[in-house]
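Read in order, the letters of the sequence shown correspond to residues 21 to 353 in our numbering.
Glycine included, every Cβ here is placed at the ideal spot set by N, Cα and C.
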Amino acid sequence: MDTKQDYTGVVGFLLLGLAAIVMVFHKQFTLHQLILPESLLTFNVIFLSIFIEAIPFVLIGVLIAGIIQVFVTEAHLNRFIPQHPFLAVISSCFIGALFPACECGIVPIVRRLIAKGVPLYAGVGFLLTGPLINPIVLFSTYVAFGGSLPMAFLRMSLGLVIAIIVAGLIASVFRRNQLKRTREDVTRGETAGPKPPLGERFKAMFRHSIDEFFDMGKFLMIGALLAAFVQTYVSTSSLLGLSEGIVTSTLIMMGLAYLLSLCSEADAFIAASFHHVFPQTSLLGFLIYGPMLDLKNTIMMLAVFKFRFVLVLMVMITGTVAGILLLMHPWID
Numbered sequence: 021m022d023t024k025q026d027y028t029g030v031v032g033f034l035l036l037g038l039a040a041i042v043m044v045f046h047k048q049f050t051l052h053q054l055i056l057p058e059s060l061l062t063f064n065v066i067f068l069s070i071f072i073e074a075i076p077f078v079l080i081g082v083l084i085a086g087i088i089q090v091f092v093t094e095a096h097l098n099r100f101i102p103q104h105p106f107l108a109v110i111s112s113c114f115i116g117a118l119f120p121a122c123e124c125g126i127v128p129i130v131r132r133l134i135a136k137g138v139p140l141y142a143g144v145g146f147l148l149t150g151p152l153i154n155p156i157v158l159f160s161t162y163v164a165f166g167g168s169l170p171m172a173f174l175r176m177s178l179g180l181v182i183a184i185i186v187a188g189l190i191a192s193v194f195r196r197n198q199l200k201r202t203r204e205d206v207t208r209g210e211t212a213g214p215k216p217p218l219g220e221r222f223k224a225m226f227r228h229s230i231d232e233f234f235d236m237g238k239f240l241m242i243g244a245l246l247a248a249f250v251q252t253y254v255s256t257s258s259l260l261g262l263s264e265g266i267v268t269s270t271l272i273m274m275g276l277a278y279l280l281s282l283c284s285e286a287d288a289f290i291a292a293s294f295h296h297v298f299p300q301t302s303l304l305g306f307l308i309y310g311p312m313l314d315l316k317n318t319i320m321m322l323a324v325f326k327f328r329f330v331l332v333l334m335v336m337i338t339g340t341v342a343g344i345l346l347l348m349h350p351w352i353d
């Protein structure tokens with residue numbers, strides 16, 4: 021990033037910090053003449069909860085991205101990613117399933133992997149499975165549904181199948197890098213000469229991580245603001261009133277997952293609260309669609325990838341999730 025971008029990012033996060041302090045300690049700052057609407061206070065609480073919940077995972081993501089930038093070479097990646105597109109999709113989906121990353125923390129990791137030479141379709145496989153079927157998410161699903169192994173298994177197996185299908189479709193449609201910045205821009209600063217001392221490499225790793233954090237953080241903040249607005253001012257009961265029929269209820273739950281933008285480690289507990297209202301197929305729509313695509317990570321993907329790619333990816337994810345779940349509905353419920 022250049023000096024102007026650094027300055028803007030720092031000022032933005034200082035303002036965010038000031039706003040957060042005022043929101044948390046608003047009672048100490050309250051004037052007798054100032055009465056804030058209850059809805060605005062609710063909006064503040066929801067925004068902070070979303071933002072604070074997501075920040076640790078974004079930090080983990082940007083640290084991993086910094087490690088990839090400095091310590092991982094294309095030769096390393098080529099050992100784990102097969103050359104054949106189908107095998108690359110399969111391997112990336114299984115590798116992604118091992119990483120406990122949420123949908124906001126995975127975006128900077130995938131950007132760095134693609135910039136390092138990982139094929140776009142393999143990056144998409146990693147993007148979709150990382151937040152969805154990692155061990156932490158599966159355990160939280162098991163606990164949220166009262167020790168239900170079938171629900172955790174369905175989330176894992178159907179999510180994996182859907183991720184493989186979407187990544188395969190991406191491989192057939194897009195042949196070129198779809199990052200907004202060129203590979204040279206993202207990997208700038210790398211040299212082909214002798215490796216610098218280990219201490220210097222760690223400094224470079226943290227510099228890249230900080231740059232990545234300021235780059236991604238502002239879009240996370242925008243996504244959290246939008247999600248908080250929806251949760252505050254859009255009535256959930258009005259959506260539930262439209263939930264007649266398996267098709268409608270599944271689409272409603274997918275839309276709810278997109279708008280609520282919950283981290284995948286916690287979304288199972290929200291889904292379980294609808295257990296007596298919706299069939300399992302609809303609940304799986306919530307559990308599978310949300311980690312793959314929500315309002316928060318859409319904003320972050322638009323900052324990283326070209327608009328057309330994000331739009332096509334959104335259509336593919338939505339169509340595949342809905343299609344697979346409705347096709348499997350007779351065996352799920």
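Check: Per-residue DSSP class, three states only, for residue 194; Outcome: coil
Check: For residue 147, the three-state DSSP class (helix, strand or coil); Outcome: helix
Check: Member of 175, 274, 102 whose CA lies at the smallest distance from the CA of residue 313; Outcome: 274
Check: Identity of the residues DSSP links to residue 325 by a beta bridge; Outcome: 199
Check: Distance CB(residue 200)-CB(residue 324) smaller than 8 Å; Outcome: yes
Check: CA-to-CA distance, residue 253 to residue 100, given in whole angstroms; Outcome: 46 Å
Check: Among 104, 182, 133, the one whose alpha carbon lies nearest that of residue 87; Outcome: 133
Check: Bounding residues of the alpha helix (DSSP H) (the contiguous stretch that carries residue 65); Outcome: 58-91
Check: Cβ neighbour criterion (16 or more within 10 Å) applied to residue 221; Outcome: exposed
Check: Sufficient close CB pairs (3 or more, under 8 Å) joining the segment 106-125 to the segment 178-196; Outcome: yes
Check: At least three beta-carbon pairs within less than 8 Å, the segment 341-348 to the segment 148-156; Outcome: no
Check: Reduced DSSP category for residue 121 - H, G, I as helix; E, B as strand; rest coil; Outcome: coil
Check: Residue 286 to residue 108 span [Cα, whole Å]; Outcome: 30 Å
Check: Short Cβ contact (8 Å threshold) for residue 173 with residue 78; Outcome: no
Check: Inter-residue Cα distance where the pair is residue 248 and residue 65; Outcome: 9 Å
Check: Cβ-Cβ distance between residue 237 and residue 319 below 8 Å; Outcome: no
Check: Sequence-distant residues of its chain with Cβ nearer than 6 Å to residue 89 (five each side left out); Outcome: 132, 228
Check: Contact check, residue 347 vs residue 178, beta carbons under 8 Å; Outcome: no
Check: Selection from 321, 91, 80 that minimises the alpha carbon distance to residue 223; Outcome: 91
Check: Beta-carbon contacts of residue 308 that lie in its chain and below 7 Å, excluding the five residues immediately before and after; Outcome: 152, 175, 178, 179, 182, 341
Check: Identity of the residue in 63, 57, 124 nearest residue 246 by Cα; Outcome: 63
Check: Span separating the alpha-carbon of residue 122 from that of residue 215; Outcome: 32 Å
Check: Ranges of the alpha helix (DSSP H) found wholly within the segment 261-336, counting only runs of at least 4; Outcome: 266-280, 287-292, 300-312, 315-324
Check: Straight-line gap, residue 68 to residue 104 (C-alpha atoms, nearest Å); Outcome: 44 Å
Check: Selection from 353, 350, 336 that minimises the alpha carbon distance to residue 192; Outcome: 336
Check: Beta-carbon separation (whole angstroms), residue 349 vs residue 266, contact threshold 8 Å; Outcome: 6 Å
Check: Between the CA atoms of residue 135 and residue 306 - distance to the nearest angstrom; Outcome: 31 Å
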